[in-house]
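Worksheet for the structure shown next.
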Amino acid sequence: MCLAIPGRILDIKDNEASVDFGGVKRPVRIDLVDAKVGDYVIVHTGYAIEVLDEEEALESLKLWRQILSKMDDDPKRFP
Amino acid sequence: MILRDFRDRGLALKASKEIGDMASTLGKVKIMHVCGTHEDTITRFGIRSLLPENVEVISGPGCPVCVTTNREIDEAISLAQKGITVTTFGDMLRVPGSRSSLADSKADGNDVRIVYSVTDAVEIAHKNPEKEVAHIAIGFETTIPSNAVALQDAPENFSILCCHRLIPPAMELLLESHEVRIDGFIDPGHVSAIIGVKPYRPLAEKYRIPHVIVGFEPLDVLFSIIMLLEMIKNHECEVRNEYSRVVKEEGNQKALSIMDAVFEPCDVDWRGFPVIPRSGLMLRERFAEHDARERFELRVEPTEDLRGCRCSDVLKGLIYPRECPLFGKACTPKKPVGPCMVSAEGACSIMYRHTS
Ligand code: SF4
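Quick note, the sequences are listed as chains L and H, same order.
Read in order, the letters of the first sequence correspond to residues 1 to 79 in the working numbering.
Read in order, the letters of the second sequence correspond to residues 80 to 435 in the working numbering.
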């Protein structure tokens, strides 16, 4: 029920956006967010509930890669 | 897109190795999540098989369809029997009430329609001004704001049967009851997108349990387990945010204020749980005419329990679905006995689909 999927806003008219979900276009209400064309939004039952911060996503992945590879290199951790 | 990277197998294996390493210094660890979508990620990607024996992830009351009570299903059926057009998300259709389901009611010729969004339900009301349309409003904080938006300019013939519930009070009840041991919480990412990080803090502090707010890709879940194990190891009881690409500290203020304008908290029972203080919502006075319970004077008979179904224990994290004697035998998605086997987000249905 709380399933929500990301899609990219193609176009906005009033409180409705046209959102691209990997090639499938659907209308999405954007009353609950401040979003602009090009943003990724998280969509739940026809409403965008939040904007996805792409930079933050990349940043957190980069961090995890670093953390986990350090562990790999540490001979004490994985004998 | 970037999200594919959150499924990176190599990184997942590294994470799982790290979890194993961290867990080897700890005793038994029991982590609970409270979201059907997390259960889906965990089961679908076989995450439990990547965990060491002493780390267990159990599922709690995280499926809005499943925690809806027989009383509410009976109320929805009684609306349909009164000749009102009832709109519902598809998952609710086959959930058994005391004696029958909305699907049975539809088969009897009543006007029960599946919608994908509350917007569709309002649209039906607009197009049929001669009809009364009642929407079965289920869902947690993720879903509530959209219903609040819809109610703000809903037509006169539109009402809702409010079955909304709030997650943090249910987590608190679980902790208070001490029925199940919980060493850490995987907090629901999309509920948190609305409510933010703050509401979990008093829980973390009072019950001395670490929380991590988590996204829905397999790596999100694995990373969160590392974060939890680290806090458990260091005896820290904080709320950390793994899903920072979506969840902000203060949540979605716009959604919260719309929600607050339309609804106010009330006490309500959940399937498997007693009445939980301030865990439900009711419409504020200003929207009372859109309250289906008042509008149609719904009074349902005392309800009956579903015989043999152990959904209550599944929802409290006391048993895995397989431990229910009816699982896969008398109870399958084709012939569900309890709601946990009906809903796509129900733990029984998820386990059946991914393992049978
Ligand atoms: S397997 Fe069926 S009967 Fe058993 S707890 Fe799950 S839904 Fe209820």
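Think of the CB as a built atom: it goes at the ideal place given N, C-alpha and C, for glycine as much as any other residue.
What you are looking at is a predicted structure, and each value in this text was computed from that prediction instead of being measured.
Using 7 Å as the cut-off, classify the Cβ of PHE406 of chain H as near or not near the heavy atoms of the ligand SF4, replying yes or no. Residue numbering aside, residue 406 of chain H sits at position 327 when the second sequence is read from its first letter. Yes, the beta carbon of PHE406 of chain H sits closer than 7 Å to at least one heavy atom of the ligand SF4.
Cβ-heavy atom distance, VAL259 of chain H to the ligand SF4, below 7 Å: Counting from one through the second sequence, the residue named residue 259 of chain H turns up at place 180. Annotation for VAL259 of chain H indicates a beta carbon at 7 Å or more from all heavy atoms of the ligand SF4.
Residue environment, ASP83 of chain L, which counts as buried when at least 16 other CB atoms sit within 10 Å: A question about residue 83 of chain L goes unanswered here, because the residues of chain L that appear run from 1 up to 79.
What residue from H:VAL326, H:HIS257, H:ILE288 and H:ASP199 has the CA that sits closest to LEU230 of chain H's CA? Along the second sequence, one-based indexing puts residue 230 of chain H at 151. Of H:VAL326, H:HIS257, H:ILE288 and H:ASP199, the residue nearest in Cα terms is H:ASP199.
Excluding the five sequence neighbours on either side, which residues of its own chain have a C-beta within less than 6 Å of the C-beta of GLY141 of chain H, listed in chain order? Counting from 1 along the second sequence, the entry for residue 141 of chain H is found at position 62. Taken in chain order, the residues that qualify are VAL113, CYS114 and GLY115.
Completely contained alpha helix (DSSP H) runs for the segment 277 to 313 of chain H, where each covers 4 or more residues: 280 to 286 and 297 to 312
Within this structure, are the beta carbons of PRO234 of chain H and ALA204 of chain H separated by less than 8 Å? Along the second sequence, one-based indexing puts residue 234 of chain H at 155. Along the second sequence, one-based indexing puts residue 204 of chain H at 125. Cβ distance < 8 Å, so PRO234 of chain H and ALA204 of chain H count as in contact.
Nearest by alpha-carbon distance to GLU373 of chain H: which of H:PRO381, H:GLU380 and H:GLU364 is it? As a first step, residue 373 of chain H must be located in the second sequence, where it is residue number 294. Per the Cα distances, H:GLU364.
Using 8 Å as the Cβ pair cut-off and three pairs as the minimum, do the segment 375 to 389 of chain H and the segment 167 to 185 of chain H touch? yes
Can you find at least 3 beta carbon pairs, one from the segment 84 to 93 of chain H and one from the segment 257 to 272 of chain H, that sit closer than 8 Å? Result no; under three Cβ-Cβ pairs closer than 8 Å.
Rounded C-alpha distance that separates ILE337 of chain H from SER95 of chain H: For this step, residue 337 of chain H is matched to residue 258 along the second sequence. For this step, residue 95 of chain H is matched to residue 16 along the second sequence. Computed Cα separation, rounded: 41 Å.
Should MET492 of chain H be counted as a contact of the ligand SF4 given a C-beta to heavy atom distance under 7 Å? Summary: the structure shown does not reach residue 492 of chain H, with chain H confined to residues 80 through 435, and so no result is reported for it.
Extent of the continuous beta strand (DSSP E) run through CYS242 of chain H: In the second sequence, residue 242 of chain H corresponds to position 163, counting from 1. For CYS242 of chain H, the enclosing beta strand (DSSP E) has its first and last residue at 237 to 243.
Taking the beta carbon of ASN320 of chain H as the centre, do at least 16 other beta carbons fall within 10 Å, making it buried, or is it exposed? For this step, residue 320 of chain H is matched to residue 241 along the second sequence. Per the 10 Å Cβ criterion, buried.
Within the present structure, is the beta-carbon of ARG48 of chain H separated from the nearest heavy atom of the ligand SF4 by less than 7 Å? Since the displayed chain H opens at 80 and closes at 435, residue 48 of chain H lies outside it and no answer follows.
Under 8 Å from the C-beta of ASP53 of chain L: neighbouring residues of chain H: Position 53 of the first sequence, counted from the start, is the residue given in the question as residue 53 of chain L. Within 8 Å Cβ-Cβ: SER323, ARG324 and VAL325.
Please work out which residues of its chain come closer than 7 Å, Cβ to Cβ, to LYS327 of chain H, disregarding the five sequence neighbours upstream and downstream, and give them in chain order. Against the second sequence, residue 327 of chain H aligns to sequence position 248. The residues are GLY275.
Could you please give me the residues that DSSP links to PHE352 of chain H through a beta bridge? One-based indexing of the second sequence puts residue 352 of chain H at position 273. Bridge partners of PHE352 of chain H: H:TRP349.
Taking CB distances under 8 Å as the criterion, tell me whether VAL19 of chain L reaches chain H. The residue you call residue 19 of chain L lines up with position 19 of the first sequence. It does not; no Cβ of chain H falls within 8 Å.
Using a beta-carbon distance below 8 Å, is ALA35 of chain L in contact with chain H? Your numbering for residue 35 of chain L matches position 35 in the first sequence. No, ALA35 of chain L does not count as interfacial toward chain H.
Output the distance between the C-alpha atoms of VAL270 of chain H and ILE292 of chain H, rounded to the nearest integer angstrom. The sequence position of residue 270 of chain H within the second sequence is 191, counting from 1. The sequence position of residue 292 of chain H within the second sequence is 213, counting from 1. For VAL270 of chain H and ILE292 of chain H, the distance between alpha carbons rounds to 10 Å.
Please name the residues in the segment 191 to 209 of chain H whose beta-carbon is closer than 8 Å to at least one beta-carbon of chain L, in chain order. Legend: CB atoms of the segment 191 to 209 of chain H lying less than 8 Å from CB atoms of chain L belong to residues TYR195, SER196, VAL197, THR198 and ASP199.
Please classify LYS285 of chain H: is it buried, with 16 or more other beta-carbons within 10 angstroms of its beta-carbon, or exposed? If you number the second sequence from 1, residue 285 of chain H lands on position 206. Its Cβ having fewer than 16 others within 10 Å, LYS285 of chain H is exposed.
Out of curiosity, what's the CA-to-CA distance linking HIS243 of chain H and MET111 of chain H? Counting from 1 along the second sequence, the entry for residue 243 of chain H is found at position 164. Counting from 1 along the second sequence, the entry for residue 111 of chain H is found at position 32. Counting only the Cα atoms, MET111 of chain H lies some 22 Å from HIS243 of chain H.
Give me the chain H residues within the contact set of LEU32 of chain L, using Cβ-Cβ distance strictly less than 8 Å, ordered along the chain. Here residue 32 of chain L is taken as the residue at index 32 of the first sequence, counted from 1. Here the neighbours are PRO224, SER225, VAL228, ASN331, LYS333, ALA334 and ILE337.
Measure from the alpha carbon of LEU172 of chain H to the alpha carbon of each residue in H:LEU92, H:VAL144, H:ARG150 and H:ILE163, then state which is nearest. Taking the first residue of the second sequence as position 1, residue 172 of chain H is located at position 93. The option with the nearest alpha carbon to LEU172 of chain H is H:VAL144.
Compute the Euclidean distance between the alpha carbons of ARG77 of chain L and ALA283 of chain H, then round it to the nearest angstrom. Translated into the one-based positions of the first sequence, residue 77 of chain L becomes position 77. Translated into the one-based positions of the second sequence, residue 283 of chain H becomes position 204. Caution applies to ARG77 of chain L, whose pLDDT of 47 falls short of 50 and renders its modelled position unreliable; the value that the coordinates give is listed next. When rounded, the distance between both Cα atoms is 30 Å.
Please state the DSSP three-state secondary structure of ARG77 of chain L. As a working note, residue 77 of chain L is residue 77 in the first sequence. Note that ARG77 of chain L scores 47 on pLDDT, short of 50, meaning its location in the model is unreliable; the coordinates nonetheless yield the value given after this. It is coil, neither helix nor strand.
Which runs of the alpha helix (DSSP H) fall wholly inside the segment 136 to 223 of chain H and span at least 4 residues, in chain order? 143 to 146, 149 to 160, 181 to 186 and 197 to 206
Is any beta-carbon of chain L found at less than 8 Å from that of HIS243 of chain H? Within the second sequence, the letter at position 164 stands for residue 243 of chain H. Closer than 8 Å: no.
Using the three-state DSSP reduction, which class does GLY99 of chain H fall into: helix, strand or coil? Locating residue 99 of chain H in the second sequence gives position 20, where the first residue counts as 1. Helix.
Can you tell me which of the three DSSP states CYS427 of chain H falls into? Residue numbering aside, residue 427 of chain H sits at position 348 when the second sequence is read from its first letter. It is helical.
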